[in-house]
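S.K.: Residue numbers (my numbering), protein chains in the order written: chain A, 1 to 194; chain B, 1 to 788.
Take a look at the following structure, please.
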């Protein structure tokens, strides 16, 4: 669905309390026509007590943790692969990817299945919040206090009336891949030749 | 306008496909012609092929191609009229012309300018044979040679018949040419070719009828002629038997061209279906276990086996649509052999067997290059020059046999020569000189291992680098390609008698048979094509060579390595029972190795799936598959695992359970809750235990492989699969068959059936009191007490 084909007024918006609040604050009446292009719809989730967001168009579905198969010779943040209705999908622990301390699976743990370009990857997150509407005008570039190894994965920070949300750059997150190919194999080759 | 362009493009595409096929056939036909230069049918066929290409090319405006094929056609025309006699110079020129035509076709395909290719040399060469005075020793001499035992009458008759036929053809062609040109406007070239072929077919039929009639009229004379024909026919039969068989009915064959992509899609769907079937079967057997005897369960079982049957048939059917005859590859070889042997001044006869053997299209594409290298090597290094062969009492003409046959789910392709064979000592010497192996390695090497040296990159026994071989690249290519196909290479050789190189390649790449094994907590699928055998040994059978583990298996010494180590998951894992060690002997290309695994699970039909774009080129893993229970199992990249094995320093005994040393008894606690952890830790350390915690079942299994625990406490509600399943899995591990497992229920609930099933020794509830824990320790000291 192309954005332009979409009905400009989305009824589900009316259910979003925060947005309602914001609209009231902005002097607009509720129920007025909202131009969808002005907002970014993101899936909000908690990771290490912070709120992060992923563009809803990149999210295929959200599932509870399932049994996975560990894959050897992958980067440490790759948990393994799962079978999602016949499709094999790698699962990445975002905590480890961002360099946070690992946290065991609990009742709130969820896997967000991402479908972006040719990639299908699942991200393990601490907890799913809900879908947020972030006004595009309110998205600011990455603040300097974000650690450099996470910075490149951040698209910007969205300011909402009550909280702020860190918007992730999916492209950047997926691009690197999860295979361990770089140093070790080359080193071994050198040893082999020597 | 653009539609017209599209139409044109389509016509050109059709032409290219047609021309490719024709040229390919031409190659083999021409080589055949060299031996049977008087086979008029063959001559006519070649003539027709050139004629067809010429016609189409001129219609489409490819001037150079038209010009070139026109000349070729002219030469052939003279040949078939027996005005000139074929000699090797002429054959070279014709073959060169065909090659040039191929180059032009290639250029058209690539979109570069086909007119840019220089054909002057070829035209000049060919022109020579068209000169009136070239005739020299024309038809008659060759005719005599051919039909020696026949008497003159029949000879004359034959010539007459030929002449008549040629006249007829010429008349027809004269009619055709102007038509063709006028037709240039907007006719489909295909129809034109079709018509031409049809006409030829009828023509052939007519001629056959004629001959039969003749036979009836003059049976006596014919007999002798038949005989001679048979004699000449027999020669090519041995050489290109399948080709001849194939040729017999190409025009009646009912075929349909299908886009390969569609077949691939179909294959993928069948793959999914196979997975679904596997799942259905596993559900059915589970239902049988649980509600055995029930009518519906029985029906389910019936349905499952019915579906199994149909799926297998469907799979075979789809696989067959993708199958092509290996003859497609083999047929190029007469030409290859001819070119190489001429260049090297050797006489070589190529014998092709089993060209009708079928295998998957994707495999066929990969097999061509290795075979060319093998054949090249056979002629260059194997077959001796004619004089040397005479001295050795061998026939001056060397023999190269290319044969293919099916063996189970594999195709076996053998290339053997009757040349000088390989001397293992010389090979070792050479490898030593090049620094590819050390002296000790050389000494320990078996004959087979020495042969395997030829596959090392940079290894060549040739004294000097020639055009054909000697750079030491060829066999390396063979190895890489065969590895890519998960195939096996075997080399057999006898000094003075010859060498045979055997390639064993899986028939198809999408759905394969695999051996499931378990190592640490993981399961892996090893493609069955790579598995040579499985053996059970004890730790006493493991020998050492330079601190590396080896196994003596009959007369072979096989390196042994723990599969977990090759995949980087074996560190500190102790899972092997010294009394029962399972070894899977695998082979890829020329290498063999024994992989030590914890358990052999069984054989399974699996569908290879990729791990996706995010996980590419993972060391040791070639893909994944989905099992009947829905879980994902990884497929080993055996070639990679074997390579990895050479750099591993860990030994088998590092993984033996019985070699594990500990000061204190160990308790493994699989539990998430911090409060209870603290309490347990305090209590158990007081009692003299070491405590190891795990927060998920996966972690618990990992820890269970690293520390051999004397007591295990599992939280029944542990993630990801509950404590019952964890206990069940632990019970399958050799180290935990009898170790007490205590289940902890944090919410007061439990399932009695499941507790029994997973052989849990005792059940305790939170909140825990010291008395309860004391009781637990007492209970577990008496082994195998189940909470009833």
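For glycine and all other residues, C-beta sits at the position ideal for the given N, C-alpha and C.
(1) Just to confirm my understanding: we take residue 345 (chain B), look at its own chain, exclude 5 residues before and 5 after, and list those with CB closer than 6 Å. What are they?
(2) Is residue 99 (chain A) close to chain B, meaning its C-beta is less than 8 Å from at least one C-beta of that chain?
(3) In or out: residue 240 (chain B) buried (at least 16 other Cβ within 10 Å) or exposed?
(4) For residue 178 (chain A) and residue 614 (chain B), which I take to be in contact (beta-carbon distance under 8 Å), what is that distance rounded to the nearest angstrom?
(5) In the DSSP assignment, find the unbroken alpha helix (DSSP H) run with residue 271 (chain B) in it and report its ends.
(6) Along the segment 651-683 of chain B, where does the CB come closer than 7 Å to a CB of chain A? Name the residues.
(7) Kindly indicate if chain A contains any beta-carbon less than 8 Å away from that of residue 599 (chain B).
(8) If the criterion is Cβ atoms closer than 8 Å, does the pair residue 775 (chain B) and residue 639 (chain B) meet it?
(9) Output yes if chain A places a C-beta closer than 8 Å to the C-beta of residue 439 (chain B); else output no.
(10) State yes or no: is the beta carbon of residue 129 (chain A) nearer than 8 Å to at least one beta carbon in chain B?
(11) Closer than 7 Å by C-beta to residue 297 (chain B): which residues in its own chain qualify, once you throw out the five before and the five after it? Chain order, please.
(12) Nearest-angstrom Cα distance between residue 149 (chain B) and residue 82 (chain B)?
(13) Can you give me the C-alpha to C-alpha distance between residue 581 (chain B) and residue 542 (chain B), rounded to a whole angstrom?
(14) Hey, does residue 76 (chain A) have any beta-carbon neighbour from chain B nearer than 8 Å?
(15) With the cut-off set at 8 Å, would you say residue 696 (chain B) and residue 712 (chain B) are in Cβ contact?
(16) Quick check on residue 240 (chain B): does DSSP put it in helix, strand or coil?
(17) Taking the continuous beta strand (DSSP E) assigned at residue 606 (chain B), which residues delimit it?
(18) Once you ignore the five residues that flank residue 534 (chain B) on each side, which residues in its own chain have a CB closer than 8 Å to its CB?
(19) For chain B, check one thing: does any of its Cβ atoms lie closer than 8 Å to the Cβ of residue 81 (chain A)?
(20) Is there a Cβ of chain B sitting closer than 8 Å to that of residue 67 (chain A), yes or no?
(21) How many angstroms separate the CA atom of residue 148 (chain A) from the CA atom of residue 281 (chain B)?
(22) Using Cβ-Cβ distances below 7 Å, what residues of the segment 602-617 of chain B are close to chain A?
(23) For residue 546 (chain B), count neighbouring Cβ atoms within 10 angstroms of its own Cβ and tell me buried if that reaches 16, exposed if not.
(24) Using 8 Å as the threshold, is the C-beta distance between residue 569 (chain B) and residue 540 (chain B) below it?
(25) Is it right to say residue 158 (chain A) is buried, meaning 16 or more other beta carbons lie within 10 angstroms of its own, or is it exposed?
(26) Classify residue 315 (chain B) as buried or exposed, calling it buried when 16 or more other Cβ atoms lie within 10 Å of its own Cβ.
(27) Taking the alpha-carbon of residue 661 (chain B) as reference, which of B:432, B:13, B:572 has the nearest alpha-carbon?
(28) Do the CB positions of residue 101 (chain B) and residue 65 (chain B) come within less than 8 Å of each other?
(29) What runs of the beta strand (DSSP E), each 3 residues or longer, lie entirely inside the segment 671-720 of chain B?
(30) Going by DSSP, what residue range makes up the alpha helix (DSSP H) through residue 442 (chain B)?
(31) Let me know the secondary structure DSSP gives residue 160 (chain A) once reduced to three states.
(32) So for residue 615 (chain B), helix, strand or coil by DSSP?
(33) Please state whether the Cβ-Cβ distance between residue 735 (chain B) and residue 575 (chain B) is less than 8 Å.
(34) Hey, is residue 431 (chain B)'s beta-carbon within less than 8 Å of any beta-carbon in chain A?
(35) Within 10 Å of its beta-carbon, does residue 619 (chain B) have 16 or more other beta-carbons around it, so buried, or fewer, so exposed?
(36) Using 8 Å as the Cβ pair cut-off and three pairs as the minimum, do the segment 440-451 of chain B and the segment 417-428 of chain B touch?
M.R.: The relevant details are as follows:
(1) Setting aside the 5 residues that flank it on each side, residue 345 (chain B) has no residue in the same chain whose C-beta is closer than 6 Å to its C-beta.
(2) no
(3) With a pLDDT of 40 at residue 240 (chain B), under the threshold of 50, the modelled position of that residue is not reliable, and the figure given next carries that caveat. The residue is buried, with at least 16 neighbouring Cβ atoms inside 10 Å.
(4) Correct: roughly 5 Å between the Cβ atoms.
(5) 260-291
(6) 672
(7) The Cβ of residue 599 (chain B) sits no closer than 8 Å to any Cβ of chain A.
(8) Contact flag unset, no.
(9) Judged by the 8 Å Cβ criterion, residue 439 (chain B) is not in contact with chain A.
(10) no
(11) These residues qualify, in order along the chain: 287, 288, 291.
(12) Because the pLDDT at residue 149 (chain B) is just 42, under 50, the model does not fix this residue reliably, and the value given afterwards should be weighed accordingly. Cα to Cα, the separation comes out at about 20 Å.
(13) About 10 Å.
(14) no
(15) no
(16) With a pLDDT of 40 at residue 240 (chain B), under the threshold of 50, the modelled position of that residue is not reliable, and the figure given next carries that caveat. Here residue 240 (chain B) sits in helix by DSSP.
(17) 599-607
(18) By the criterion of a C-beta distance shorter than 8 Å, residue 534 (chain B) is surrounded in its chain by 515, 582, 583, 584, 585, 600, once the five residues flanking it on both sides are discounted.
(19) yes
(20) It does: the Cβ of residue 67 (chain A) has a partner Cβ on chain B nearer than 8 Å.
(21) 52 Å
(22) 609, 611, 612, 613, 614, 615, 616, 617
(23) exposed
(24) Contact check for residue 569 (chain B) against residue 540 (chain B) fails: the beta carbons are separated by 8 Å or more.
(25) buried
(26) buried
(27) B:572
(28) yes
(29) Runs of the beta strand (DSSP E) lying entirely within the segment 671-720 of chain B, each at least 3 residues long, are 690-694, 711-715 in chain order.
(30) 439-444
(31) coil
(32) coil
(33) yes
(34) no
(35) buried
(36) yes
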